[in-house]
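Start counting the sequence shown at 10; every next residue gets the next number (our numbering).
Note that the Cβ used here is the ideal one computed from N, Cα and C, for glycine as well.
Written out below as structure tokens is the structure these notes cover.
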Amino acid sequence: MFKIAVIVWVMLGTVFAGVAVMAILAVPSLAAHAMSYIPYGAIAGAIVAIPFAFVVAGRMSKTFAR
């Protein structure tokens, strides 16, 4: 399951990091300091995606094990 979780995390981490960066750019008060906030947002998005990747990988393993 760990191998599946890593592959899923690559995709989800990219999506969550992109969402965080877009949120930073969409909020005017955050966009004023975007150059310093974007790396933190991207890292936070990738870290937040880890538990979601394990949940999705677990569901995939159960589905395909049948």
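Using 9 Å as the threshold, is the C-beta distance between residue i and residue j below it?
| i | j | result |
| --- | --- | --- |
| Phe63 | Met20 | no |
| Ala29 | Ala53 | yes |
| Tyr46 | Ile56 | no |
| Phe73 | Phe25 | no |
Give me the Cβ distance between residue i and residue j, rounded to the nearest whole Å; I'm assuming they're in contact under 8 Å.
| i | j | result |
| --- | --- | --- |
| Ala51 | Trp18 | That pair is no contact at about 14 Å. |
| Ser70 | Ile13 | 6 Å |
Which residues mark the beginning and the end of the alpha helix (DSSP H) in which residue i is found?
| i | result |
| --- | --- |
| Met31 | 11–35 |
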